[in-house]
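Note that this note's numbering has the sequence shown beginning at 164, numbered continuously upward. Just so it is clear, CB atoms sit at the ideal spot from N, CA and C, and this is done for glycine as well. Before any comments, here is the structure.
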Amino acid sequence: MDIFATIDPISIAIGVGIGALLVLLLGPKGGSGQINESVQKSEAKVATICPLKDIEDTVTASDKGVVAYCRCWRSKKFPYCDGAHAAHNKATGDNTGPLVIKK
Numbered sequence: 164m165d166i167f168a169t170i171d172p173i174s175i176a177i178g179v180g181i182g183a184l185l186v187l188l189l190g191p192k193g194g195s196g197q198i199n200e201s202v203q204k205s206e207a208k209v210a211t212i213c214p215l216k217d218i219e220d221t222v223t224a225s226d227k228g229v230v231a232y233c234r235c236w237r238s239k240k241f242p243y244c245d246g247a248h249a250a251h252n253k254a255t256g257d258n259t260g261p262l263v264i265k266k
C-alpha cells in the first residue's frame, strides 16, 4: 500500500507549508554572525579599558552629568554611544541600548 495514497493532498500541502515557514523563521540567518562590523577590526579582540578616574572626569565634564557607552557596536563615536542602536533595534527587532553612567 502506498502511504501517500492514504494522505489527503491538503494535509501534505499544509505540512510542507509549515515546514517551509519553520525553516525561514528558525533556520540559519544570513551574514557572518559578527556583531562588531567596524570597530578596531585589525585587533584580535576589542577591550576598551577606562580607568575609573577617566570615567568620573568624563561624567563631571558632561553638560548633563551623564555619559553613555555603546553596547551595540554601531556607534561612530565608539566607545561612546551616538544613538546608532535605535536604527539597529528597528532593523533587527533587538532591544540593545547604552551603558549609562551618571553622577
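Inset, instruction - Classify VAL263 as helix, strand or coil using the three-state DSSP reduction. - result: If DSSP states are grouped into helix, strand and coil, VAL263 belongs with the strands.
Inset, instruction - List the DSSP bridge partners of ALA231. - result: VAL263.
Legend entry - 8 Å Cβ cutoff met for ALA254 and CYS244: no
Legend entry - Residue from ILE218, ALA224, ILE212 and CYS235 with nearest C-alpha to THR259: CYS235
Legend entry - When SER205, PRO172, LYS266 and SER174 are compared against THR221, the one with the closest alpha-carbon: LYS266
Legend entry - Of the listed residues SER225, ASP257 and ILE212, nearest to PRO242 (C-alpha basis): ILE212
Inset, instruction - Whole angstroms is fine: what's the gap from ASP171's alpha carbon to GLY180's? - result: 15 Å
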